[in-house]
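Notes to accompany the following structure.
Protein chains in written order, with full-length UniProt numbering: chain A, 1 to 428; chain B, 1 to 326.
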């Protein structure tokens, strides 16, 4: 078995230590470890984190292989420091049967760049009317634990209630895309002063907040856990904070772009800023950062949403919603949370690895960096500064809002069960 | 002068006054037996209309022809656009044909901005109405009409609308005319009041440089011009107001309400009017209503815009421009 010695890395941002990987596991952690028989990775000044776990990734396969495949998406994930991603269900066909989730699961295993855990649809065809065979998806080889109609809201209160109850039988969780559909008909951007000026259909914060309020109350009533996807408003933070204080079993995620960008960007009418939920205001951004720091928001998830060029190189209303994010997420989190002093690297590890693995009940990920644990590890150089170049992405799509923007930090190495998937920033 | 006209908010006070003054020059051309200037001879202007709008299109077309431009009308309906061609490809096709200006009407807010800034095309872009965003030449022709009526064609030259009180009534939420007018009238020093049921005002309107009222009767006596916006009957199906009759009662302009306006005050309407809804027939047909005059002024104003964007910035009467003076 091959040995790798990571020398002098700041484990979770703490003291410099050596970490010895032997085969698929961590064999030793300490100082002055022997490099005998091992490949050495010099990591002075770099931060070692448990491999990142994304609870919200769109890999697009099957059906939209023109924008991403499981292979290109997992390559992008590895570049971004992720060792596991949860593949959203809004593919063509929809991942609402055991057959489709097993296909995605199998493609992930074949890719070898990162673990792919399929998410199953809550309702047949994401239509919100009839429950999909949640049990069959759970019992399949894919072992689905997270269910979501993401892209669409499970807006029928009865269907949502039943889904929350039903998945308790196998410790599943429903991840809600909180968007009241009637309040967002024709919605194009956050409703506020900018939308009023630009003449773009408003997407009110209350459309998100009202669904979250309803769902935390439903979760309380039936004693289930519920996960809130891509929380984007200050009001949503208040509701989740209240629900947690009441003991409701709710978890929540925020995307990197909602931690950095505001609806002011839409003044350019550049569709790279078109995303669901929409970019909100500075006040919302600050509330989200604070909530991620204090634990009200449990995790950062990318909502990596690849789209082909023609779906973004057009007028705003005609453009698709979504941004790629796997390859820039950690840099955005460093800029908005670490470099601002809101979070240390241990906190980043919690929110980008430990907590998402817990919510997804994903074994072998989000584990401590200690002896005997699976060697799923990410090494990041926080001193790096560089402009984002979409041409350099491993993702098949280029729809990033950060083109040309200087972001801090760079993933230098990613290890999946002891095997390097990224070395010096390059895929293996 | 700028290269494109995308938003009324992009115009400085001096830009706007120059356009209005130039429009007065153009209006004089319309009084001549031969209503034509050679200013844009050899220049090609495309009227690229993704939305049906006969009025605006023929107004631009008349303006272009009076300036001797070569005019191409491109109605997207029934063309390759309706078969899925993108704005980008359409723009690049026009660019390849060597057009000098594109007058664009599009249902998507921001499409003219995209056209002007994306690098797809080198031509000057004139926004002829985009979604619920802007319709700057409408605001200019409205300002021109106000200045003529409230100050005078000659007395108004070089003047802005400082101190004039303008009331805009109706579906502000869905109106690019209202947005453009608020921007331009503010730039020209006028005091603007928007009147509408709260459902037809955008969230965020409180940051606009204007007053907002829900009560038409209260503001009529304090208005030098009252601009009525079209209200589509279908809005009632989306619960913006209960019934057509209730809307007309609370926000429609009838003879009794018009009588509350100062004697010099005018009634304006960008058209098309929905008689019996926002305006009664007796008001629409009264001497105080400038709707028809606005149509005529639209041609003068658009001539001025085309001339200044494509031709130059000297007074229109002083020069004859040809293709080599680009």
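C-beta: ideal position from N, C-alpha, C; glycine also.
A quick note: this is a predicted structure, and the numbers were derived from the prediction, not measured.
Tell me whether residue i is buried or exposed, calling it buried when 16 or more other Cβ atoms sit within 10 Å of its Cβ.
i                      : result
residue 396 of chain A : buried
residue 28 of chain B  : exposed
residue 311 of chain A : buried
residue 262 of chain B : exposed
residue 310 of chain B : buried
residue 224 of chain A : buried
residue 324 of chain B : Residue placement at residue 324 of chain B is poorly supported in this model, since its pLDDT is 39, which falls under 50; the coordinates still yield a value, given next. Exposed: under 16 other Cβ atoms inside 10 Å.
residue 212 of chain A : buried
residue 292 of chain B : exposed
residue 340 of chain A : exposed
residue 316 of chain B : The predicted position of residue 316 of chain B is uncertain, since its pLDDT is 45 and thus under 50; a value taken from the coordinates is nonetheless stated next. Answer is buried; the Cβ neighbour count reaches 16.
residue 186 of chain A : exposed
residue 67 of chain A  : buried
residue 191 of chain B : buried
residue 326 of chain B : Low confidence applies here, because residue 326 of chain B scores a pLDDT of 37, under 50, leaving its location unreliable and the question unanswered by this model.
residue 313 of chain B : Because residue 313 of chain B sits at a pLDDT of 43, beneath the cut-off of 50, its placement in the model cannot be relied upon, and the point is left open.
residue 56 of chain B  : buried
residue 5 of chain A   : buried
residue 142 of chain B : buried
residue 318 of chain B : Only weak support is given to the placement of residue 318 of chain B: the predicted model assigns it a pLDDT of 41, under 50, and the value that follows is read from those uncertain coordinates. Exposed is the call here.
residue 320 of chain B : For residue 320 of chain B, the predicted model reports a pLDDT of 42, less than 50, meaning its position is unreliable; a value from the coordinates is still stated below. Result: exposed.
residue 34 of chain B  : exposed
residue 281 of chain B : exposed
residue 322 of chain B : Unreliable positioning characterises residue 322 of chain B in this predicted model, as indicated by a pLDDT of 39, which lies under 50. The coordinate reading is nonetheless provided below. By the 10 Å Cβ count, residue 322 of chain B comes out exposed.
Would residue i and residue j be called neighbours here (beta carbons separated by less than 8 Å)?
i                      : j                      : result
residue 43 of chain A  : residue 8 of chain A   : yes
residue 255 of chain A : residue 319 of chain A : no
residue 198 of chain A : residue 109 of chain B : yes
residue 274 of chain A : residue 316 of chain A : yes
residue 230 of chain A : residue 173 of chain A : no
residue 296 of chain A : residue 222 of chain A : no
residue 172 of chain B : residue 200 of chain B : yes
residue 300 of chain B : residue 30 of chain B  : yes
residue 219 of chain B : residue 187 of chain B : no
residue 279 of chain A : residue 304 of chain A : no
residue 116 of chain A : residue 74 of chain A  : yes
residue 123 of chain B : residue 100 of chain B : yes
residue 346 of chain A : residue 298 of chain A : no
residue 74 of chain B  : residue 45 of chain B  : no
residue 298 of chain B : residue 59 of chain B  : yes
residue 287 of chain B : residue 253 of chain B : no
residue 23 of chain B  : residue 304 of chain B : yes
residue 36 of chain B  : residue 66 of chain B  : yes
residue 323 of chain A : residue 399 of chain A : yes
Using a C-beta to C-beta distance shorter than 7 Å, which residues of chain B count as neighbours of residue i?
i                      : result
residue 281 of chain A : Those do not exist, as residue 281 of chain A stays about 11 Å from chain B at its closest Cβ, beyond 7 Å.
residue 318 of chain A : 108
residue 8 of chain A   : By Cβ distance, chain B contributes nothing, its closest Cβ being about 47 Å from residue 8 of chain A, past 7 Å.
Give me the chain A residues within the contact set of residue i, using Cβ-Cβ distance strictly less than 8 Å, ordered along the chain.
i                      : result
residue 213 of chain B : Those within 8 Å of residue 213 of chain B in chain A number zero; the least Cβ separation is about 17 Å.
residue 193 of chain B : Simply none; closest approach about 17 Å.
residue 179 of chain B : 197, 199
Kindly list, in the order they appear in chain A, the residues whose Cβ is closer than 7 Å to that of residue i.
i                      : result
residue 114 of chain B : 269, 315
residue 87 of chain B  : 314, 315
residue 132 of chain B : 199
residue 111 of chain B : 315
residue 207 of chain B : 193
Which chain B residues sit within Cβ distance under 8 Å of residue i?
i                      : result
residue 195 of chain A : 202, 203, 204
residue 192 of chain A : 203, 204
residue 322 of chain A : In chain order: nothing, as chain B lies at least about 18 Å away.
Please compile the residues from chain B whose C-beta is within a distance smaller than 9 Å of the C-beta of residue i.
i                      : result
residue 310 of chain A : 86, 88
Which chain A residues sit within Cβ distance under 9 Å of residue i?
i                     : result
residue 56 of chain B : The premise fails here: residue 56 of chain B is roughly 17 Å from chain A at the closest Cβ pair, so nothing lies under 9 Å.
Subject >> Three-pair Cβ contact test at 8 Å for the stretch 134-147 of chain A versus the stretch 166-178 of chain A >> reply: yes
Subject >> the stretch 177-190 of chain B / the stretch 2-22 of chain B touching (three or more Cβ pairs under 8 Å) >> reply: yes
**OP:** Answer yes if the stretch 153-169 of chain B comes into contact with the stretch 117-133 of chain B, meaning at least three C-beta pairs across the two stretches below 8 Å, and no otherwise.
**Re:** No contact exists between the stretch 117-133 of chain B and the stretch 153-169 of chain B.
**OP:** Taking 8 Å as the threshold, find out whether the stretch 366-374 of chain A comes into contact with the stretch 17-26 of chain A through three or more Cβ pairs.
**Re:** yes
Original post:
Between the stretch 74-93 of chain A and the stretch 326-340 of chain A, are three or more C-beta pairs nearer than 8 Å?
Top reply: Enough Cβ pairs lie closer than 8 Å, so yes.
**OP:** Determine, using beta-carbon pairs with one atom in the stretch 4-23 of chain A and one in the stretch 44-52 of chain A, whether at least three such pairs fall under 8 Å.
**Re:** yes
Subject >> Every unbroken beta strand (DSSP E) inside the stretch 191-254 of chain A [3 residues or more] >> reply: 226-228, 250-254
**OP:** Tell me the start and end of each unbroken alpha helix (DSSP H) in the stretch 64-126 of chain B that is at least 4 residues and wholly inside, in chain order.
**Re:** Listed in chain order, they are 87-96, 111-117.
Subject >> Whole alpha helix (DSSP H) elements within the stretch 181-223 of chain B, 4-residue minimum >> reply: 216-220
Subject >> Sequence ranges, alpha helix (DSSP H) only - wholly within the stretch 45-105 of chain A, length at least 4 >> reply: 70-79
Subject >> contact_flag[the stretch 375-393 of chain A, the stretch 408-424 of chain A] where n(CB pairs < 8 Å) is 3 or more >> reply: yes
Subject >> Whole runs of the alpha helix (DSSP H) within the stretch 311-355 of chain A, excluding any shorter than 4 residues >> reply: 329-333, 345-349
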